[in-house]
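Just so you know, UniProt numbering puts 134 at position 134 of the sequence shown, and the rest follows in order with no gaps. Beta carbons are placed, not taken as given, at the ideal position from N, Cα and C, and that holds for glycine.
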Amino acid sequence: MSEIIIIAAAAENNALGINNDLPWHLPDDFKRFKTLTTDHKIIMGRKTLESFPKALPNREHIAITRSKDYKPKFPCTLVHSLEEAISLVKVDAKSYIIGGGEIYHQAMPYATKIELTRVHAEVKADTFFPEIDLEYWELIQEEYHPKDDKHQFDFTYLTYQRKNT
């Protein structure tokens with residue numbers, strides 16, 4: 001069975017981003033994102049794709065857009081729905097949903113796991129992560145990281161697995 005993993009960093013108020021950018025700089029979270037997503041398909045909305053200066057190396061980019069004539073700034077696979085994106089994932093493969101807010105909402109029913117970096121702050125945002133319903137999700141791992149000279153906020157890596165309901 002394929003694994004569809006939501007990966008995100010969100011503040012205590014579920015803030016994800018503002019003006020198509022992240023509201024923090026957490027180098028260790030970037031390293032973790034790279035480690036987990038390298039050599040896998042990454043599925044994202046058009047705005048998330050546009051937030052990258054260039055393609056992320058060693059990952060297959062799948063971007064969802066409603067526009068039939070959208071031209072991305074670097075080569076990637078374009079689809080017009082989350083379901084179409086998921087259909088491109090091999091049965092035995094891992095793929096990562098990397099944003100943004102609307103795509104995360106749509107992906108919740110399909111996801112098998114959530115890799116969430118909970119940033120211990122409340123920040124202004126225009127994009128938010130959906131609530132995690134603990135009726136359907138079980139926290140299976142957590143790892144706390146205090147703020148330091150490279151990280152302006154404390155944060156915790158949280159791994160949720162879908163319950164067999």
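Distance between beta carbons of residue j and residue i, contact taken as under 8 Å
i     : j      : result
Ser51 : Asp29  : With 8 Å as the limit, Ser51 and Asp29 do not qualify as a contact, their Cβ atoms being about 15 Å apart.
Pro27 : Lys150 : 5 Å
Ile62 : Leu88  : 6 Å
Span of the alpha helix (DSSP H), counted from its first residue to its last, around residue i
i      : result
Leu82  : Leu82 to Ser87
His151 : His151 -> no alpha helix (DSSP H), and no H or E assigned at all.
Distance CB(residue i)-CB(residue j) smaller than 8 Å
i      : j      : result
Ala125 : Gly17  : yes
Glu138 : Thr156 : no
Ala8   : Tyr104 : yes
Ile86  : Tyr110 : yes
Ala107 : Ile4   : yes
Leu49  : Pro23  : no
Lys90  : Gln161 : no
Phe129 : Asn19  : no
Ala121 : Glu12  : yes
Among the options, the one whose alpha carbon lies nearest that of residue i
i     : options                   : result
His25 : Leu158, Asn164 and Val123 : Val123
Ala55 : Thr38, Ser67 and Gln152   : Thr38
Unbroken beta strand (DSSP E) run spanning residue i, endpoints
i     : result
Ala15 : Ala15 to Gly17
* **Any 3 or more C-beta pairs closer than 8 Å across the region 113 to 124 and the region 65 to 83** => no
* Asked: Can at least three beta-carbon pairs, one atom from the region 97 to 104 and one from the region 67 to 76, be found at a separation below 8 Å?
  -> no
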